[in-house]
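Single-structure report; data block below.
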Amino acid sequence: MGATMSITAVLAVGFAFVLALPLGARAEIAPFPAGVLASVVTVLPVRPRGAPAVRPEAALRGEERSGSGVVLRQGGYIATAAHVLDGAQSVSVRLHDGREMPATIKARDTATDLALLQVDEDLPPLALGPAPALGAPVCGIGNPFGVGLSVSCGVVSALRRSGMGFNSIEDFVQTDAVLNPGTSGGALVDRAGRLVGLVSAIFTRRSDANIGVNFAVSTDLLVRVVDDLLKFGRVVTGRAEFRLSLLPAAERRRHAGLRITGLTAGGAAERSGLRSGDLVTAIAGRKLRKRSDVRTAIFLHRPGDKVRVAAVRQGRSRVFTLTLRR
7 MGATMSITAV LAVGFAFVLA LPLGARAEIA PFPAGVLASV VTVLPVRPRG
57 APAVRPEAAL RGEERSGSGV VLRQGGYIAT AAHVLDGAQS VSVRLHDGRE
107 MPATIKARDT ATDLALLQVD EDLPPLALGP APALGAPVCG IGNPFGVGLS
157 VSCGVVSALR RSGMGFNSIE DFVQTDAVLN PGTSGGALVD RAGRLVGLVS
207 AIFTRRSDAN IGVNFAVSTD LLVRVVDDLL KFGRVVTGRA EFRLSLLPAA
257 ERRRHAGLRI TGLTAGGAAE RSGLRSGDLV TAIAGRKLRK RSDVRTAIFL
307 HRPGDKVRVA AVRQGRSRVF TLTLRR
């Protein structure tokens with residue numbers, strides 16, 4: 007396939023997943039719906055001359071002078087990574103067919119590094135897929151190094167990653183698909199071309215090379231944020247009103263979870279029946295290993311939501327229903 011082949015020709019041929027198989031097995035090729043590219047865009051921020059591409063504290067993401075975006079809602083709404091827009095005076099997007107058009111920054115959420123753009127064209131939203139399984143084949147679609155929309159495939163390396171140090175709220179799908187600077191805000195899709203994550207960060211170790219440890223915001227977190235940005239212009243969060251501490255090393259040999267060390271008097275946690283000293287092992291089905299897991303579990307729900315909290319009290323497992331307060 008020649009290097010000068012047009013995008014139209016590539017679309018006609020389509021893309022393929024190389025599926026990960028046991029060692030020694032023959033690799034299978036499965037058709038990949040090329041129409042997915044119509045729902046992914048290149049994001050082109052315009053910055054003042056000499057302005058840095060990203061915040062200094064975002065250096066681990068790699069330098070990005072352009073990025074990517076995913077059409078998520080009817081009406082021209084495009085989700086992207088907020089850091090792609092840092093310092094931008096204006097922004098435009100380039101469609102898969104080469105057309106460029108101005109975009110409006112509708113809202114941003116710095117806690118999750120997500121932003122919402124809008125263009126004056128009703129582009130096709132990308133279908134959402136179910137949560138991927140560990141080891142499932144996935145492809146990243148974005149604009150690496152500004153060369154244009156590209157597809158790179160791999161597998162799901164881990165799920166529900168938090169505490170990676172990029173954002174204060176994280177719920178990442180980790181993948182080994184090659185995702186380089188410029189793909190932030192792009193799509194992580196399953197073998198059916200359905201969205202399973204929005205590309206957010208790569209570990210570059212301060213180089214511009216991919217080392218196979220890449221992160222995409224889960225669709226659960228993405229939809230949670232975008233829905234609030236559309237409705238309120240910001241994310242409305244709930245409060246559990248308890249304080250949790252890590253277990254000492256000796257206790258971590260026997261248990262996994264965090265200990266309640268304090269509750270707000272009359273607050274949500276106290277009203278649910280939780281007490282200081284309880285060992286909380288899971289919130290809304292999310293197992294807890296560190297404080298970032300707690301922040302994410304609470305953030306994924308809204309004020310008024312009832313959240314199931316699994317805990318251990320005096321050696322007995324119990325489940326409490328906590329109603330988040332605003």
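When we follow this note's numbering, the leftmost residue of the sequence shown carries the number 7, and every step to the right adds one.
For every residue, glycine included, the Cβ atom is placed at its ideal position computed from N, Cα and C.
**Asked** Around the C-beta of R314, are 16 or more other C-beta atoms found within 10 angstroms, so that it is buried, or is it exposed?
**Response** As a working note, residue 314 is residue 308 in the sequence shown. Exposed, by the Cβ-count rule.
**Asked** Can you name, in chain order, every residue of its own chain whose Cβ lies under 6 Å from the Cβ of P51, other than the five neighbours on each side?
**Response** Locating residue 51 in the sequence shown gives position 45, counting from the first residue. L91, A94, V97.
**Message:** Which residue marks the beginning of the alpha helix (DSSP H) containing I304, and which one marks its end?
**Reply:** Within the sequence shown, residue 304 is the residue found at index 298, counting from 1. Its alpha helix (DSSP H) spans residues 297-305.
**Asked** Would a C-beta distance cut-off of 8 Å place V99 and G192 closer than the cut-off?
**Response** Indexing the sequence shown from 1 puts residue 99 at position 93. Indexing the sequence shown from 1 puts residue 192 at position 186. No, the Cβ-Cβ distance between V99 and G192 is not below 8 Å.
**Item:** Spatial neighbours of T110 in its chain, beta-carbon cut-off 6 Å, leaving aside the 5 residues before and after
**Value:** Position 104 of the sequence shown, counting from 1, holds the residue named residue 110. Same-chain partners within the cutoff: Q124.
**Request:** May I have the straight-line CA-CA distance separating G291 from R105, to the nearest angstrom?
**Result:** Here residue 291 corresponds to residue number 285 of the sequence shown, with the count starting at 1. Here residue 105 corresponds to residue number 99 of the sequence shown, with the count starting at 1. Those two C-alpha atoms are separated by around 44 Å.
**L264 versus A207: straight-line alpha-carbon distance, rounded** = Taking the sequence shown and counting its residues from 1, the one referred to as residue 264 is at position 258. Taking the sequence shown and counting its residues from 1, the one referred to as residue 207 is at position 201. Looking at the two C-alpha atoms, the distance is approximately 27 Å.
**Asked** Expressed to the nearest angstrom, what Euclidean distance is found between the alpha-carbon atoms of G81 and L129?
**Response** One-based indexing of the sequence shown puts residue 81 at position 75. One-based indexing of the sequence shown puts residue 129 at position 123. Cα to Cα, the separation comes out at about 7 Å.
**Message:** According to DSSP, is F151 part of a helix, a strand, or is it coil?
**Reply:** Taking the sequence shown and counting its residues from 1, one reaches residue 151 at position 145. It is helical.
**Asked** For the beta strand (DSSP E) that contains T225, what are its first and last residues?
**Response** Residue 225 sits at position 219 when you count from the first residue of the sequence shown. Looking at the DSSP string, T225 is not in any beta strand (DSSP E); the run it does join, the alpha helix (DSSP H), is 225-238.
**Message:** Given this structure, state the Cα-to-Cα distance separating A256 from A164, to the nearest angstrom.
**Reply:** Stepping through the sequence shown from its first residue, residue 256 is reached at position 250. Stepping through the sequence shown from its first residue, residue 164 is reached at position 158. Their Cα atoms are separated by approximately 27 Å.
**Candidates V232, G169, R322, A40, of which the one nearest A303 by Cα** = Mapped onto the sequence shown, residue 303 falls at position 297. Of the candidates V232, G169, R322, A40, the one whose C-alpha sits nearest the C-alpha of A303 is G169.
**Prompt:** Are there 16 or more other CB atoms within 10 angstroms of the CB of G152, so buried, or fewer, so exposed?
**Reply:** Locating residue 152 in the sequence shown gives position 146, counting from the first residue. It counts as exposed.
**Request:** Tell me whether the beta-carbon of V157 lies closer than 8 Å to the beta-carbon of T181.
**Result:** By one-based count along the sequence shown, residue 157 stands at place 151. By one-based count along the sequence shown, residue 181 stands at place 175. For V157 and T181, no; Cβs fall outside 8 Å.
**Request:** Leaving out five residues on either side along the sequence, give the residues of the same chain with a beta carbon under 7 Å from the beta carbon of A183.
**Result:** Here residue 183 refers to the residue found at position 177 when the sequence shown is read from its first residue. Around A183: V144, C145, G146, S158, C159, G160, N220.
**Message:** Tell me which residues share the same chain as L101 and place their Cβ nearer than 7 Å to its Cβ, disregarding the 5 neighbours each side in the sequence.
**Reply:** Locating residue 101 in the sequence shown gives position 95, where the first residue counts as 1. Within the same chain, L101 has close Cβ partners V47.
**Asked** Among N186, R259, T116, S323, which one has its Cα closest to the Cα of A288?
**Response** The sequence position of residue 288 within the sequence shown is 282, counting from 1. Here the closest residue by C-alpha is S323.
**Message:** Could you check whether L120 and V223 sit closer than 8 Å to each other, using their CB atoms as the reference points?
**Reply:** In the sequence shown, counting from the first residue as 1, residue 223 sits at position 217. In the sequence shown, counting from the first residue as 1, residue 120 sits at position 114. It is a contact, given that the beta carbons lie within the stated cut-off.
**Message:** Residues in the same chain with beta-carbon distance under 6 Å from K312, minus the five sequence neighbours each way, listed in chain order, please.
**Reply:** Counting from 1 along the sequence shown, the entry for residue 312 is found at position 306. Cβ neighbours of K312 beyond the five flanking positions: T327, T329.
**Prompt:** With DSSP run on the structure shown, which of helix, strand or coil describes L50?
**Reply:** By 1-based counting over the sequence shown, the position of residue 50 is 44. Strand.
**Prompt:** Count the other CB atoms within 10 Å of the CB of D115; is the residue buried (16 or more) or exposed (fewer)?
**Reply:** The residue labelled residue 115 in the question sits at position 109 within the sequence shown. That one is buried.
**Asked** If L132 sits next to L235, beta carbons under 8 Å apart, how far is it from one beta carbon to the other, in whole angstroms?
**Response** As a working note, residue 132 is residue 126 in the sequence shown. As a working note, residue 235 is residue 229 in the sequence shown. Not confirmed; about 17 Å, so no contact.
**Request:** Measure the C-alpha to C-alpha separation of G135 and V241 and round it to an integer number of angstroms.
**Result:** Working through the sequence shown from its first residue, we reach residue 135 at position 129. Working through the sequence shown from its first residue, we reach residue 241 at position 235. G135 and V241: Cα-Cα distance of roughly 23 Å.
**Message:** Could you compute how far the alpha carbon of D1 sits from the alpha carbon of A44?
**Reply:** Since the first and last residues shown for the chain are 7 and 332, residue 1 lies out of range.
**Message:** By the DSSP assignment, the alpha helix (DSSP H) with E276 in it spans what residues?
**Reply:** Within the sequence shown, numbered from 1, the residue matching residue 276 stands at position 270. Looking at the DSSP string, the run of the alpha helix (DSSP H) that includes E276 is 274-278.
**Request:** Return the bridge partner residues of L134 from the DSSP annotation.
**Result:** As a first step, residue 134 must be located in the sequence shown, where it is residue number 128. In the DSSP output, where bridge partners are listed per residue, L134 has L201.
**Request:** Please work out which residues of its chain come closer than 7 Å, Cβ to Cβ, to L285, disregarding the five sequence neighbours upstream and downstream, and give them in chain order.
**Result:** Working through the sequence shown from its first residue, we reach residue 285 at position 279. Taken in chain order, the residues that qualify are H261, G263, R265, A317, V318.
**Asked** Taking Cβ to Cβ, would you say G244 is nearer than 8 Å to H307?
**Response** Here residue 244 is taken as the residue at index 238 of the sequence shown, counted from 1. Here residue 307 is taken as the residue at index 301 of the sequence shown, counted from 1. Against a cut-off of 8 Å, the Cβ pair of H307 and G244 comes out as a contact.
**Asked** In or out: P150 buried (at least 16 other Cβ within 10 Å) or exposed?
**Response** For the purposes of this step, residue 150 is taken as residue 144 along the sequence shown, with counting starting at 1. So P150 counts as buried.
**Asked** Hey, how far is the Cα of L185 from the Cα of T118?
**Response** As a working note, residue 185 is residue 179 in the sequence shown. As a working note, residue 118 is residue 112 in the sequence shown. When rounded, the distance between both Cα atoms is 19 Å.
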